[in-house]
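This note's numbering numbers the first residue of the sequence shown as 368 and each following residue consecutively.
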Amino acid sequence: MANPLDTDAGSELFSSYETDLKLLQANLNQQLDQISESTGEQRKAAIRQAERALEEANELLDQMRMEKENIPSATRSKVNIRFRNYLTDMDETKRKLKSLSDDRRALFGDRYTDEPSAQDQHLEQRQQLLSGTERLERSSARLQESQRVALETEDIGRNVLGDLYQQRETIEHTRAGLLESEGYVDKSVKTLRGMARWLRIG
368 MANPLDTDAG
378 SELFSSYETD
388 LKLLQANLNQ
398 QLDQISESTG
408 EQRKAAIRQA
418 ERALEEANEL
428 LDQMRMEKEN
438 IPSATRSKVN
448 IRFRNYLTDM
458 DETKRKLKSL
468 SDDRRALFGD
478 RYTDEPSAQD
488 QHLEQRQQLL
498 SGTERLERSS
508 ARLQESQRVA
518 LETEDIGRNV
528 LGDLYQQRET
538 IEHTRAGLLE
548 SEGYVDKSVK
558 TLRGMARWLR
568 IG
């Protein structure tokens with residue numbers, strides 16, 4: 368790749384951005400190495416630093432893209448080649464950073480595992496726990512419903528017993544009245560018979 372100090376006429380500002388970008392690329396490469404060798408919170412911090420450096424590099428590339436349009440056509444072709452090379456290098460850096468960021472075992476340590484069998488076991492245990500909780504909730508709901516029905520049945524039973532007691536009182540009262548009426552009838556019959564005999568004698 369061309370030395371940014373070997374500038375052509377009209378490309379001085381582009382070369383200045385180019386120099387800053389090269390320094391930033393070197394820093395990014397060191398940060399990627401640091402990410403590869405670290406884990407946990409240290410790795411997360413290194414990733415954040417690399418992401419900020421990558422954003423700064425993208426801003427420099429945007430400045431270089433605009434500036435190269437002001438370079439005379441005679442020398443612009445060489446600048447375009449250098450610019451495309453920087454884009455390629457930066458795309459590769461992005462891929463490396465993404466790969467390092469996606470390594471969840473390194474980010475979370477022993478708490479994370481990519482082994483399907485272990486994940487399946489944890490998932491199965493969680494599902495069993497949830498299933499047991501749901502069964503317990505259903506059993507509790509059925510028990511509460513049974514208690515509600517029992518209380519309602521008890522209330523109905525008390526009401527029925529009360530009604531039967533009142534009906535018994537009414538029947539007994541009616542029976543007493545009938546017995547009393549029968550006594551009156553017997554007396555009336557005897558009186559009428561006595562009167563009939565008296566009339567026949569007279």
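By construction, the Cβ of each residue, glycine as well, lies at the ideal position given by its N, Cα and C atoms. In this text the structure is predicted, and so the values were computed from the model without any measurement.
In this structure Phe450 is not in contact with Lys463, their Cβ atoms being roughly 21 Å apart against a cut-off of 8 Å. Listed in chain order, the non-local C-beta contacts of Val446 below 7 Å within the same chain comprise Ser378, Phe381, Lys435 and Ile438, local neighbours out to five positions each way being set aside. In the structure shown, Glu422 falls within a helical segment according to DSSP collapsed to helix, strand and coil. Leaving aside the five residues that flank Arg567 on each side, none in its chain has a CB nearer than 6 Å to its CB. Only buried fits Met457, as 16 or more other CB atoms lie within 10 angstroms of its CB. Taking Gln401 as the centre and dropping the five residues before and after it, the same chain places the C-beta of Ala413 closer than 6 Å to its C-beta, in chain order. Beta-carbon to beta-carbon, Leu395 and Leu421 are separated by about 7 Å, close enough to satisfy the 8 Å threshold. Leu467 is positioned such that its CB atom lies no closer than 8 Å to that of Glu423.
Taking C-alpha positions only, Gly550 is separated from His540 by approximately 16 Å. In this structure, the CA atom of Glu408 is about 60 Å from the CA atom of Leu518. Note on geometry: alpha-carbon atoms of Ser507 and Lys411 lie some 46 Å from one another. Counting every other CB atom within 10 Å of its CB across the protein chains shown gives Thr460 a total of 16 or more, marking it as buried.
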